[in-house]
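The next block holds one structure in the form of structure tokens; read it before the comments.
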Amino acid sequence: MKSGVTKGILTVLMLGILAYFGIQIGGYFSDPLSTVTAYEYQVEDAVTVTGYVVRQEEVLSDAGAGVLDLRRSEGEKVGAGQTLAVVYKDQSTLDARDQIEALSARLEQLQYAQDASLSSEVSLRLDSDILSRITSLHTTLSEDKLTSADSVLSDLRSLILKRDYTYTDAADLSGEIADVQSQIQALRSTTSAATTVIAAKSSGVYSAVVDGYETVLVPDTLKTMTAKEFRAIERDGSVSSRVGKLIYGDTWYFVTLLRQSDAESLASSTTLRFAKGIDTPFRVKVESVSEPEEGRCVVVFSTNKFLSEVTLLRQQSADVVRSSHEGLRVPRSAVRVDESGQSGVYCRVGVTARFKPVEVTYTGEDFCLIRGTSDEDKRRLRAGDQVILSAGELYDGKIVGN
């Protein structure tokens, strides 16, 4: 009797278990849950081209024979009358110049020690300046800015010598100062006639590289350039200079060929992205679009940004970005419209489906870029949210998982 009851209970339990799993399996197939992660994405409508960087340039007169010492760095802004380079008759004259500079630095340090009151306040200020230069030197070296590091090191050396002289009696320095001044005067008398100074006639940006396009690519001729003339651009091999060139004005240009349809679809301004020279995309003005020739147009872009960064660029590959769209990428089927007409997506939050209102910023072939439009924290769409693709009939607050 007991055996029959036990078997009956076991049978009922087994049927209950089978029924439970049957319901769960049936629920899965009738109401399957499928999700996808929303992530940041960008879509661009861009055309890759090759063109030329054009600037208002003046090739500086060559220095002739002698040892050339360039005094300006690439892309440096200079004022009218500032020294660009010095030509020395020979190497010995250049060596004498180096001696003069070293002696002049020493003279400055000696005069500082003599003229200053050399109080504890002065010493403390020097100590603070030395510590500041050491920190600056460490920073520039860690960033591989070797040119800047050389300047900081020179300042640091000068400060250390000044600090050292604070331990010397100022009265004992007069004789040393006179001796250094005498040495400087003697060296200057022997080198003054053996040097030629090259100065900037007008303010501009300095570049040490002359590539032969300076007289070929001129801003004034760009707006009338034809596609045939663009294809015929060649450097002028007769143009050269050891001294370099000056670039005038703030505006520079990029001239290229575009298909007629692409050129005619350009707005008054657009975005360029260079393959090298400038790390970030930048806005440019569309200066002119030529008449089409064999389906191609000459397009001239201009900007007044980044001039010092493009002094070494001439022939350049670039992307003309006509439009750009950003947002969270989800499949098109994930975007739904609720009963009030609001577009949105359902996201799985725990075991609940939550409707999050969105705006569609771009529609692709099988995906959309969207952004959330709700300020309410639980309704705000974020990157990483689990967007529901399918879960049977959806509504806000529906239980969609265990």
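The sequence shown begins at 683 in the numbering used here and counts up by one. No residue lacks a Cβ here, since even glycine has one placed at the ideal position from N, Cα and C.
With a threshold of 16 other CB atoms inside 10 Å of the CB of residue i, please say whether the residue is buried or exposed.
i, result
"V1033", "exposed"
"Y895", "buried"
"V759", "Looking at the sequence itself, residue 759 is Lys, so the reference to Val does not match. Result: exposed."
"A1114", "This structure leaves residue 1114 out entirely; the chain is present only between 683 and 1084."
"F912", "buried"
"I1081", "exposed"
"D1067", "buried"
"Y721", "exposed"
"G919", "exposed"
"G977", "exposed"
"Q1024", "exposed"
"R779", "buried"
"R1064", "exposed"
"V1019", "exposed"
"T873", "buried"
"E739", "buried"
"L813", "exposed"
"T903", "exposed"
"R807", "exposed"
"A1016", "buried"
"R754", "buried"
"G1074", "exposed"
"T817", "exposed"
"G857", "exposed"
"T730", "exposed"
"G931", "exposed"
"T732", "exposed"
Over the uninterrupted alpha helix (DSSP H) stretch that includes residue i, give me the two end residues.
i, result
"I1070", "That residue, I1070, is in no alpha helix (DSSP H); its beta strand (DSSP E) goes Q1068 to S1072."
"K910", "A909 to R913"
"A945", "Q942 to E946"
"D902", "P901 to L904"
Rounded C-beta distance between residue i and residue j? I'm assuming under 8 Å.
i, j, result
"A728", "V982", "That belief does not hold up - the Cβ atoms of A728 and V982 are roughly 18 Å apart, past 8 Å."
"V971", "A1000", "Incorrect: roughly 16 Å between the Cβ atoms, too far for contact."
"P901", "V736", "6 Å"
"V768", "V879", "5 Å"
"F936", "V966", "7 Å"
"F1049", "V1012", "7 Å"
"Y1044", "V718", "Wrong, their Cβ atoms sit about 17 Å apart, outside the cutoff."
"L766", "Y888", "6 Å"
What does a CB cutoff of less than 6 Å around residue i pick up in its chain, not counting 5 residues either side in sequence?
i, result
"Y1028", "A1035, F1037, I1070 and L1076"
"S1005", "D727"
"E1041", "R1053 and T1055"
"G761", "S885"
"T933", "S984 and N986"
"P1039", "Q1024, G1026, T1055 and S1056"
"A957", "S999"
"Q942", "P974, G977 and C979"
"V898", "D918"
"K905", "S970"
"Q865", "L785"
Need the endpoints of the beta strand (DSSP E) that residue i sits in, please.
i, result
"I880", "T877 to A881"
"K1038", "T1034 to T1045"
"S856", "First-last for S856: S856 to T873, but that is the alpha helix (DSSP H), not the beta strand (DSSP E)."
"D727", "Y721 to V741"
"I1052", "F1049 to G1054"
"V980", "R978 to T985"
"Y895", "Unbroken run through Y895: none, as it is neither H nor E."
"R924", "From DSSP, R924 is part of no beta strand (DSSP E); its letter is neither H nor E."
"S1006", "Q997 to P1013"
"D751", "V749 to L752"
"V992", "Element bounds for V992: n/a, residue is neither H nor E."
"A767", "T765 to Y770"
"T953", "S951 to F956"
Please work out which residues of its chain come closer than 8 Å, Cβ to Cβ, to residue i, disregarding the five sequence neighbours upstream and downstream, and give them in chain order.
i, result
"E790", "S840"
"R664", "Here the chain comprises residues numbered 683 to 1084, so residue 664 is not present and cannot be evaluated."
"G709", "Summary for G709: the model assigns pLDDT 48, below 50, so the residue's position carries little reliability, and this model does not support an answer."
"K910", "E975"
"K771", "G748, V749, A876 and T877"
"V892", "V741, V921, S922, S923, G926 and K927"
"R815", "V834, D837, L838 and L841"
"G1079", "T1034, A1035 and R1036"
May I ask you to check if the CB of residue i is nearer than 7 Å to at least one heavy atom of the ligand ATP?
i, result
"D861", "The ligand ATP is not among the ligands present in this structure, which contains no ligands whatsoever."
What residues in its chain sit with their C-beta under 7 Å from that of residue i, if we drop five residues either side in the sequence?
i, result
"A890", "L752, E756 and G926"
"I707", "With a pLDDT of 48 at I707, under the threshold of 50, the modelled position of that residue is not reliable, and the figure given next carries that caveat. No residues qualify anywhere along the chain."
"T822", "S830, A831 and V834"
"S799", "Confidence in S799 is poor, its pLDDT being 48 and thus under 50, which makes the residue's placement unreliable; the coordinate value appears in the next sentence. Same-chain partners within the cutoff: there are none."
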